[in-house]
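Chains as they are written, first to last, in our numbering: chain P, 25 to 239; chain U, 25 to 239. Each residue gets a CB set at the ideal place from its N, CA and C atoms; glycine is no exception. Step one of this worksheet: look at the structure below.
In structure tokens form, the structure reads like this:
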């Protein structure tokens, strides 16, 4: 499959590398086509790994990952272009984190979410929020954890969520995928990040995730 | 031990009954001393189970539980009285939930929390936020879940958190108790509630809780 990834940071590179290793064609997109991160990444991954602008990566992909910082996501997606995203699944892994405050806060929460903002801004794109509740190394390799943990889906299109569920399973090995409901459920998974930061602060584990346990 | 519980709803009654069964003396407090819930509860639990006003319950307890609705907590604690709460541990199980909105929201979050508001309003009380991330039936009996799950502590006093950790273990059987840090970490555990509501909506389990898994 041809996959576009917006964002050249840790999340974009980790997902991109995993997909290239699986034999997919991946283009990493950034603000400018001469982004050194993307250049180095594509060189190291060899053939099937490309880089370009946000617009080029969005046009290239049959499926698009948003791996930009939440604070920059709407701008990055505008640069990617509504036409290039139209009718496609956008897997949104971003979180609206404001790192400028002493205690980490969100730039949007409670009555709205970044997932909803993106879906409103791109009504013809099938936004599926997922993978945002963990580090990149867990996103692409949940089997490294000592138990089966959960990943969540939020989105308005059941068909898109079913497709993403298949990708999460087939590409990354996710075995417990919980569909939380429509895109408004992005609020919960984004707000969870504040608790996640506390957990990461007190746990020294390189990898961690949560698991829902019932009786 | 003599324990005061503010709030006569499901959480207050469930914790109260468990503590009475363990042999403690428990007074349930409410806005008025003739609250029918508290009256019925005390009658059913027999001796060691009492009821009174918020102020009477706060004066009675060596340790106090706040089990009022988050939207009413500050008012209930004002009625309980700073003098009656002074120097005591206040175990805050409440959540600042606004049920009036179509999608459940919090009345305070992100840059502040109910736990912090309570600690600021009662600076001479040792506020420990805990147990707020689950239903009452899980709070007092985590062993009913099929695996060991986590409960969290937020508070400024390490001594108070150590004492509460002991209560959670000895009274309710908690085996994995994670100290998240000072009272500002209440933000995370309160914001988690929005995700919890989504999880409860999609899972039919009567009991559920989360467990942190590492590699």
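Give the interface partners of residue i over in chain P, defined as CB-CB distance under 7 Å, in chain order.
i	result
residue 209(U)	222
residue 218(U)	211, 212 and 215
Taking 8 Å as the threshold (beta carbon to beta carbon), is residue i in contact with chain U?
i	result
residue 34(P)	no
residue 231(P)	yes
residue 205(P)	yes
residue 170(P)	yes
residue 110(P)	no
residue 212(P)	yes
Can you list, in chain order, the residues of its chain with a C-beta nearer than 6 Å to that of residue i? Leave out the 5 residues immediately preceding and following it.
i	result
residue 205(U)	none
residue 44(P)	50, 69, 72 and 73
residue 198(U)	166, 175 and 192
residue 129(P)	122
residue 158(U)	233
residue 196(U)	164
Can you list, in chain order, the residues of its chain whose CB lies under 7 Å from that of residue i, leaving out five sequence neighbours each side?
i	result
residue 110(U)	148 and 149
residue 181(U)	150
residue 189(U)	177 and 201
residue 108(U)	79, 82 and 83
Can you list the residues of chain P that residue i reaches, using a CB-CB cut of under 8 Å?
i	result
residue 226(U)	202, 203, 204 and 205
With a cut-off of 8 Å on the beta carbons, I'd call residue i and residue j a contact; round off their distance for me.
i	j	result
residue 152(P)	residue 116(P)	7 Å
residue 214(U)	residue 59(U)	Wrong, their Cβ atoms sit about 26 Å apart, outside the cutoff.
residue 210(U)	residue 138(U)	7 Å
residue 67(U)	residue 86(U)	With 8 Å as the limit, residue 67(U) and residue 86(U) do not qualify as a contact, their Cβ atoms being about 24 Å apart.
residue 134(P)	residue 91(U)	Wrong, their Cβ atoms sit about 24 Å apart, outside the cutoff.
residue 26(U)	residue 61(U)	Going by Cβ atoms, the distance from residue 26(U) to residue 61(U) rounds to 21 Å, so no, they are not a contact pair.
residue 75(P)	residue 52(P)	5 Å
residue 200(P)	residue 142(P)	No, residue 200(P) and residue 142(P) are not in contact; Cβ-Cβ is about 25 Å, not under 8 Å.
residue 82(P)	residue 238(U)	At roughly 36 Å, the Cβ-Cβ gap does not stay under 8 Å, so residue 82(P) and residue 238(U) are not in contact.
residue 164(U)	residue 39(U)	6 Å
residue 106(P)	residue 77(P)	With 8 Å as the limit, residue 106(P) and residue 77(P) do not qualify as a contact, their Cβ atoms being about 15 Å apart.
residue 219(U)	residue 216(P)	5 Å
residue 95(P)	residue 154(P)	Not quite, the Cβ-Cβ distance comes to about 20 Å (not below 8 Å), so this is no contact.
residue 140(U)	residue 207(U)	5 Å
Using the beta-carbon of each residue, which ones in chain P are nearer than 9 Å to residue i?
i	result
residue 234(U)	174, 234, 235, 236 and 237
Output, in chain order, the set of chain U residues within a Cβ distance shorter than 8 Å of residue i.
i	result
residue 133(P)	133, 134 and 215
Who are the neighbours of residue i on chain U, taking C-beta pairs under 7 Å?
i	result
residue 129(P)	134 and 135
How about residue i: is its C-beta nearer than 8 Å to some C-beta of chain P?
i	result
residue 51(U)	no
Residues in the same chain with beta-carbon distance under 8 Å from residue i, minus the five sequence neighbours each way, listed in chain order, please.
i	result
residue 185(U)	152, 177, 179 and 203
residue 168(U)	161, 162 and 231
residue 93(U)	31, 33, 118 and 121
residue 47(U)	72
residue 235(U)	171, 172, 173, 174 and 200
residue 156(P)	116, 117, 118, 119, 213, 214 and 217
residue 103(U)	55, 77, 78 and 79
residue 63(P)	75
Within 8 Å (strictly less), CB to CB, does residue i reach chain A?
i	result
residue 164(P)	Protein chains P and U are contained in the structure displayed, whereas chain A is not.
What residue ranges within the stretch 141-206 of chain P form continuous beta strand (DSSP E) runs of no fewer than 3 residues, ordered along the chain? 150-153, 175-179 and 201-205
Would you list, in sequence order, the uninterrupted alpha helix (DSSP H) runs of no fewer than 4 residues that lie entirely inside the stretch 39-115 of chain U? 60-69, 78-84, 94-104 and 106-109
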